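Heads up: the sequence shown begins at 129 in our numbering, then just goes up one per residue.
By construction, the Cβ of each residue, glycine as well, lies at the ideal position given by its N, Cα and C atoms.
It should be emphasised that the depicted structure is a prediction, and the values quoted were computed from it without experimental measurement.
Okay, structure first, notes after.
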Amino acid sequence: MTTKTPMLGTTILSQKWQHIIITAALLLSAALVFLTLYGFVAGSTCQYSISLHVPDDERDVFMTCYRGKVVALQSKVDKYDKIVSKWKVEAQQLRFGDQTIYFVYSRVPLITDDKQDTNDRFNQISSAYNLLFYKMIRAKEDIYIFQTFPRSYIHKGKIEGFIDLWDDE
129 MTTKTPMLGT TILSQKWQHI IITAALLLSA ALVFLTLYGF VAGSTCQYSI SLHVPDDERD
189 VFMTCYRGKV VALQSKVDKY DKIVSKWKVE AQQLRFGDQT IYFVYSRVPL ITDDKQDTND
249 RFNQISSAYN LLFYKMIRAK EDIYIFQTFP RSYIHKGKIE GFIDLWDDE
């Protein structure tokens, strides 16, 4: 009669612990999938337009969201109201309460020239990040957008439509 011995340097977990670990992994995976789906579904109920001005670098932002797809136009004009820089950013919106997460999948300059301004630099820096996190609080037709990247700032803009299914303004 022969008995098998474990290889040196390995640990054998009892079947009970293996079952507990597998069950915990499955439950955590299911919770992660549920949360992701919840954010996707909540974000997909949007139908809004937001316009705001960013005074730090003198750019205007106009963004729309419909069925979760966000399109933002970021423009900068000179003192003669001529557009000197314009970018289009496309993203998928996820929503968790007041928290909005944008999964950015496209960021392209609509005006390409050799001049670089603060709008160009902002978009070039932000292009390294695909997930952007914002807290959005609505007060009737006003929207307050709290950001922490690339600097902490509170934007105030105007909104038409609704952010998600639970937006009651």
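Express the C-alpha separation of residue j and residue i in angstroms, rounding to a whole number.
i	j	result
Ser142	Leu222	41 Å
Gly289	Ile282	21 Å
Tyr176	Gln146	49 Å
Phe190	Phe162	32 Å
Ile291	Gln275	17 Å
For residue i, count neighbouring Cβ atoms within 10 angstroms of its own Cβ and tell me buried if that reaches 16, exposed if not.
i	result
Thr228	buried
Ile273	buried
Ile265	exposed
Val217	buried
Asp296	exposed
Gly137	Model confidence at Gly137 stands at a pLDDT of 49, short of 50, so the residue's coordinates are unreliable; what they give is reported in the following sentence. It is exposed - the Cβ of Gly137 has fewer than 16 other Cβ atoms within 10 Å.
Arg249	exposed
For a quick check, are the C-beta atoms of residue i and residue j less than 7 Å apart?
i	j	result
Trp215	Asn251	yes
Leu180	Gly285	yes
Asp226	Lys268	no
Ile148	Ile271	no
Phe224	Gly167	yes
Asp245	Ser213	yes
Pro278	Ile253	yes
Could you tell me whether the stretch 189-199 touches the stretch 164-175, using the rule of 3 or more Cβ pairs below 8 Å?
yes
Does the stretch 200-220 come close enough to the stretch 149-159 to have 3 or more Cβ pairs within less than 8 Å?
no
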